[in-house]
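Residue numbers (our numbering), protein chains in the order written: chain A, 1 to 456; chain B, 1001 to 1336.
See the structure below:
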């Protein structure tokens, strides 16, 4: 108990801060911060597995997040029948062609020795394949995108409950990570960072511009929800009764019937959105706890010890007979899959998929700040990092506004400097993150909750 | 005649823009490669440092414009660049003193320095946005075109016009002057030689009496000059927007790695490799084929290899291929 005192203290302070937001701002804001903190925590757990356990730098987090979001679309949206009949066959045929191409390349790789000839054969297979695929898919894509472009214009999904997408998102992200890992894991650390950053940009470019699959920058809105809708809740009797019971003290003070009714209505509207957010919190909390148990078990298992050995001294681990390449690939896939889950959760919560909003600053570098600040190699630290950094990211604007008002208190309200500073308050969050990261890296390089290795 | 038209078409839409864009990338790539070769880390703040320098250029340009000082047909920004460079160098040296020096002295691994540079990236980005705001700004003044498309058509009697923007010419000229001075400095002067020695083998360089503090300071000064000029030229040619500059970091990294990181000449050529392949692969060749081929064989589609949306993807694919088959770059840089 005493050993974990700092963990408990850190988490209680964090929860206290969120509760303070609930009391002083509103419970709605507090819960939406809390939900995104939970999603960030899942992302940091994924990044922490790669960086903290194995020392692999992955700057492609944005790409996996977006793939998870894509999974949410492909699972939950109802299939668009006209689009399928317009171009589904062509797309399926192209898919078979791609599989055929990959098999052909694999066959050549196995059959021939490494030589110039083999490289040329592979290159010609790929180029020929791309040309044929373009010819096959083009009419299909055009057909699909012409089907009611204002509403659909894409193939749609499978029409399943959106919860399934959390698993499918993990599979998607893991699959991509497998391919990238095969290609890029041999590179030195900072090269791996740059390569993954660039590959994630390619993923975003594809998601943004392949409208037949993702609707691109036209966004997919109104996704299914695992939680009830606010409008329905506001008309359900048991919910109104619940709100009434909850606020009976406050309502009892109002004697007039119509006034009481309108106050109740107001409370029901507020309560419904809080209730929906609580539903999400519950779902996310389950995911975070399951992942935390699994990652904690893994960290203290023989496998976790082996990963740390590989991280701290690759050559020695190799000499002891551990397959470094294979383990690196495994952990790269696992970590990315977890990030994929977070991507699907994010889209589930928002109810919409906006490829244009995936930017490296928010989805890659911010997550890294979380991992470093929280404490790499320590799951509790990584989760705490997700909470702290996301909390500051949201609350930076009010804090910045307060600071600006404090420092420019002597100036006139219309003074150009004051107006300018107040306008640029949203950017104080970047400043805060940067300075926070630099301070932590300098004075507490292991993070708020440093890695603790104890043999249980 | 059709053939000449086709050539002019390619010159107008591919060659001249790619040359200008390539020059801008090349300056950034040399910046990355110098930092990597001498200070030994991948600087993720590259794009934002360039936007920081450009911001000073814009502020000085505004000041000169308000006072009424100008260069006539040339953009006022050219006058502002030297002043901006002074501020930029000051900023670079400050950052080095307060941030990077500690890790250098402690001999931290490159990965840690790269992480620190992410912190610098956040701070620089915030400062730029707080001072000048996130919106799109044009600060070009003076004569816009050296040759206008219409005039060119009139003079030559061709169907295709060739428009050359003055910013493109300025970009290319300034790049040539700057890069040749830099190579002269690195190859002929004593300081330049000691920089190369330090980059090649730190311990040996220290043994032979080279002062590391001086080397590091000069590296930051050169980096400041490159970042400001590269950024300002890009802003003059297109426009200044902090977010675009952040994104430009990616093709710049690609250029530096393709050219062989740690090798300034490779980085210089890498910039053009990236720029030309981006534009060549995403240009729609339909009109070109209409000139070159007989009428019966005219193509129906746009004859575009990739849609322009995948501009960035091109440079990254080249990078991935180079990393796979020649990890040390086309021109041998440091072996990775």
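Beta carbons: idealized from backbone N, C-alpha and C, even for Gly.
Check: Cβ atoms of residue 49 of chain A and residue 97 of chain A: under 8 Å apart, would you say?; Outcome: no
Check: Taking buried to mean at least 16 other C-beta atoms within 10 Å of its own C-beta, is residue 1184 of chain B buried or exposed?; Outcome: exposed
Check: Looking at the unbroken beta strand (DSSP E) that takes in residue 1147 of chain B, where does it start and where does it end?; Outcome: 1145 to 1147
Check: Look at the alpha carbon of residue 1259 of chain B and the alpha carbon of residue 1036 of chain B, and state the distance between them as a whole number of angstroms.; Outcome: 13 Å
Check: Contact criterion: CB-CB distance below 8 Å. Does residue 312 of chain A meet it with respect to chain B?; Outcome: no
Check: Is residue 1165 of chain B helix, strand or coil by DSSP?; Outcome: strand
Check: In chain B, which residues lie less than 8 Å from residue 195 of chain A when you measure between Cβ atoms?; Outcome: 1319, 1320, 1323
Check: Take the Cβ of residue 428 of chain A as the centre, count every other Cβ of all protein chains shown within 10 Å, and call the residue buried at 16 or more, exposed below.; Outcome: buried
Check: Interface residues of chain B around residue 208 of chain A at Cβ under 8 Å?; Outcome: 1309
Check: Are the beta-carbon atoms belonging to residue 71 of chain A and residue 207 of chain A less than 8 Å from one another?; Outcome: no
Check: Closer than 8 Å is the cut-off here; do at least three beta carbon pairs connect the segment 1017 to 1027 of chain B with the segment 411 to 422 of chain A?; Outcome: no
Check: What is the DSSP secondary structure of residue 1240 of chain B, counted as helix, strand or coil?; Outcome: strand
Check: Below 8 Å on the Cβ atoms is my contact criterion, and I expect residue 310 of chain A with residue 324 of chain A to pass it. Report the Cβ-Cβ distance as a whole number of Å.; Outcome: 6 Å
Check: Which runs of the alpha helix (DSSP H), 4 residues or longer, sit entirely within the segment 1230 to 1279 of chain B?; Outcome: 1242 to 1258
Check: Below 8 Å, how does it come out for the segment 1044 to 1064 of chain B and the segment 1113 to 1123 of chain B: are there three or more Cβ pairs, yes or no?; Outcome: yes
Check: Could one say the Cβ of residue 183 of chain A lies closer than 8 Å to chain B's Cβ atoms, at least one of them?; Outcome: yes
Check: In chain B, which residues lie less than 8 Å from residue 411 of chain A when you measure between Cβ atoms?; Outcome: Result: empty, since nearest Cβ-Cβ is about 16 Å, beyond 8 Å.
Check: Rounding to the nearest angstrom, what Cα-Cα distance links residue 1016 of chain B and residue 1319 of chain B in this structure?; Outcome: 23 Å
Check: What's the call for residue 1075 of chain B, buried or exposed, on a 16-neighbour Cβ count within 10 Å?; Outcome: buried
Check: Using alpha carbons as the reference points, say which of A:186, A:219, A:140, A:288 lies closest to residue 151 of chain A.; Outcome: A:219
Check: Which residue or residues does DSSP assign as beta-bridge partners of residue 1074 of chain B?; Outcome: B:1071
Check: Three-state secondary structure (DSSP) at residue 1045 of chain B?; Outcome: coil
Check: Quick check: is the beta carbon of residue 1089 of chain B nearer than 8 Å to any beta carbon in chain A?; Outcome: no
Check: Using the beta-carbon of each residue, which ones in chain A are nearer than 7 Å to residue 1137 of chain B?; Outcome: Going along chain A, no residue has its Cβ under 7 Å from residue 1137 of chain B, so there is no contact; the nearest lies around 15 Å.
Check: Across which residues does DSSP place residue 1304 of chain B in a beta bridge pair?; Outcome: B:1284
Check: Under 8 Å between C-beta atoms, does residue 98 of chain A make it to chain B?; Outcome: no
Check: Using 8 Å as the cut-off, can you tell me whether the segment 189 to 200 of chain A makes contact with the segment 108 to 126 of chain A, which would need three or more C-beta pairs spanning the two stretches below that distance?; Outcome: no
Check: Say whether chain B places a C-beta atom closer than 8 Å to the C-beta of residue 424 of chain A.; Outcome: yes
Check: Give me the Cα-Cα distance between residue 1158 of chain B and residue 1286 of chain B, rounded to the nearest whole angstrom.; Outcome: 18 Å
Check: List the endpoints of the continuous alpha helix (DSSP H) containing residue 234 of chain A.; Outcome: 230 to 234
Check: Taking residue 420 of chain A as the reference, which of B:1049, B:1133, B:1225 has the closest Cα?; Outcome: B:1133
Check: Residues of chain A with CB closer than 8 Å to the CB of residue 1102 of chain B, please, in chain order.; Outcome: 442
Check: Output the distance between the C-alpha atoms of residue 1100 of chain B and residue 1192 of chain B, rounded to the nearest integer angstrom.; Outcome: 22 Å
Check: Taking residue 1161 of chain B as the reference, which of B:1322, B:1309, B:1006, B:1327 has the closest Cα?; Outcome: B:1006
Check: Comparing the C-beta of residue 1125 of chain B with each C-beta of chain A, is any distance below 8 Å?; Outcome: yes
Check: Leaving out five residues on either side along the sequence, give the residues of the same chain with a beta carbon under 6 Å from the beta carbon of residue 1276 of chain B.; Outcome: 1018
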